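Presented below is the structure to which this report refers.
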Amino acid sequence: MLLNPLAADRHPGCATALAAAAADLELFVPTGADAQLQFNAAAEAVEAGVDAVVVCGGDGTVAAGFALTAGTGIPLGIVPAGTGNDFARAARIERGDPVGSLSRLLDGLRDGALRDGALRSCTVDALHMTVTTPDSGQSHVWVANSANIGFDALVNARANTYRRLPVTGRYLVALLRELPAFRPARFRISRDDQPPQNLTATLICVQNGPWIGGGIPLAPAADPRSGTAVMSTVDRIPRLLLAGLFPLIYLRAHRLLAPLRQHRVERVRVTVPSSVPVYADGEEILPSSHDGAEVEIAVMPRAVRLIQGLPD
Numbered sequence: 001m002l003l004n005p006l007a008a009d010r011h012p013g014c015a016t017a018l019a020a021a022a023a024d025l026e027l028f029v030p031t032g033a034d035a036q037l038q039f040n041a042a043a044e045a046v047e048a049g050v051d052a053v054v055v056c057g058g059d060g061t062v063a064a065g066f067a068l069t070a071g072t073g074i075p076l077g078i079v080p081a082g083t084g085n086d087f088a089r090a091a092r093i094e095r096g097d098p099v100g101s102l103s104r105l106l107d108g109l110r111d112g113a114l115r116d117g118a119l120r121s122c123t124v125d126a127l128h129m130t131v132t133t134p135d136s137g138q139s140h141v142w143v144a145n146s147a148n149i150g151f152d153a154l155v156n157a158r159a160n161t162y163r164r165l166p167v168t169g170r171y172l173v174a175l176l177r178e179l180p181a182f183r184p185a186r187f188r189i190s191r192d193d194q195p196p197q198n199l200t201a202t203l204i205c206v207q208n209g210p211w212i213g214g215g216i217p218l219a220p221a222a223d224p225r226s227g228t229a230v231m232s233t234v235d236r237i238p239r240l241l242l243a244g245l246f247p248l249i250y251l252r253a254h255r256l257l258a259p260l261r262q263h264r265v266e267r268v269r270v271t272v273p274s275s276v277p278v279y280a281d282g283e284e285i286l287p288s289s290h291d292g293a294e295v296e297i298a299v300m301p302r303a304v305r306l307i308q309g310l311p312d
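Under UniProt numbering, the first residue of the sequence shown carries the number 1, and numbering increases by one thereafter.
Shown next as structure tokens:
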């Protein structure tokens, strides 16, 4: 059981639900404020053998659950308790009542419903990101919902500092704050078997689900069971149009946005210039201080088995 500390603070009833279930379930709940230490302890438990993994938090915590279970067949239960919960929305997992969701999920596991087939599950795609930098070598990241490069990563970074604002408000405020200093960057992009192309772009976003930023429908056609992702790029555009980009997307006025281009992809490789940040599921992957990187994102079809997810 991975319980995001911030989510635990916002929803103290989750700890009560865990305590109530402990009498009938063998629960392992890594503790501590350091997410990496929590993850390492959880990974050891999964390696030793578990019947299921449950995560309680936002998209970043869901991504940790993907990293623990992708390719293993171990069922993953998601309790949406973050600020955005974009992947949970894509997977049609109940949102808005974390304590109730956790209690019902634990009740199902306690009663053997997963073993007996009464607790519904389905398989979904995951994204696997490989990041190569000159100084740090290669790292691997599992992505549940979206990988963000460029302007939307900058906005994401700033939005994470506005904890007291509602999620939609913090994203729009962050957009306006980042706008004056933003400059488009020159990328080299190759997708699937297409030859590489050089592109001056405002942002690049690769999505497993339709929404980013707590409900912005950037890629309505994205489906985490399609075997493909949707890659969105936005060309160099005036700041005034950039300021209106996400509000127009909120209104689903995609057809009015000529600089927005979208492609279904199975694999994308992006040469990211220095100082352009990379985020995934709301978490920093590469800071603005990096000296350039190669980022490859591949769709891993049906890699994760979800409890109480999309109907088969």
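We put the CB at the ideal spot given by N, CA and C, even for glycine. These figures come from a predicted structure and were not determined experimentally.
* Measuring CB to CB, does G169 end up less than 9 Å from G84? -> No, these two residues do not count as a Cβ contact at 9 Å.
* Cα-Cα separation between A222 and A243, rounded to whole angstroms -> Near 24 Å, if we compare the C-alpha coordinates of A243 and A222.
* To do: Grab the span of the beta strand (DSSP E) containing D135 for me, first residue to last.
  => No beta strand (DSSP E) contains D135, which DSSP labels as neither H nor E.
* Asked: Quick one: Cα of A46 to Cα of G71, how far?
  -> The sequence given here places Val at residue 46; Ala does not occur at that position. Straight-line spacing of the CA atoms in V46 and G71 works out to 13 Å.
* Asked: Hey, V50 and A64: beta-carbon distance below 9 Å or not?
  -> No, they are not a contact pair.
* Asked: Residues in its own chain within less than 6 Å of Q197 by CB, not counting five upstream and five downstream?
  -> Closer than 6 Å at Cβ, skipping near neighbours: I189.
* Quick one: residues in its chain with C-beta nearer than 6 Å to the C-beta of E94, no 5 flanking neighbours on either side, listed in chain order? => Answer for E94: S101, listed in chain order.
* Reference M300, options D291, Q207, H11, closest by Cα -> Cα-wise, what sits closest to M300 is Q207.
* **Spatial distance of A52 from L27 (CA atoms)** => Each residue's alpha carbon lies about 10 Å from the other.
* So what's Q194 in DSSP terms, helix, strand or just coil? -> When DSSP states are grouped into helix, strand and coil, Q194 belongs to the coil group.
* Using CA coordinates, which residue listed in S288, C14, V79, G73 is at the minimum distance from V62? -> The alpha carbon of V62 has as its nearest neighbour, out of S288, C14, V79, G73, the alpha carbon of V79.
* Unbroken stretches of the alpha helix (DSSP H), 4 residues or longer, contained in the region 63-119 -> The alpha helix (DSSP H) runs lying completely inside the region 63-119 and spanning 4 residues or more are 86-90, 98-110, 113-116, given in chain order.
* Please state whether DSSP places V29 in a helix, a strand or coil. => Looking at V29 - three-state DSSP - the assignment turns out to be coil, as it is neither helix nor strand.
* To do: Decide if the region 30-42 is in contact with the region 249-264; the criterion is three or more beta carbon pairs, one per stretch, under 8 Å apart.
  => No: fewer than three Cβ pairs fall under 8 Å.
* Asked: Roughly how many angstroms separate the alpha carbons of A174 and R239, rounded to a whole number?
  -> Taking the straight line joining both Cα atoms gives about 14 Å.
* Asked: Taking buried to mean at least 16 other C-beta atoms within 10 Å of its own C-beta, is P103 buried or exposed?
  -> Note on identity: in this sequence residue 103 is Ser, with Pro being the wrong assignment. S103 comes out buried.
* **Cα-Cα separation, L241 to S136** => Distance between the alpha carbons of L241 and S136: 37 Å.
* Rounded C-beta distance between G209 and D86? I'm assuming under 8 Å. -> Indeed, because the Cβ distance is near 6 Å, the residues count as touching under 8 Å.
* To do: With DSSP as the reference, label T161 as helix, strand or coil.
  => Assigned with DSSP and collapsed to three states, T161 falls in coil, not helix or strand.
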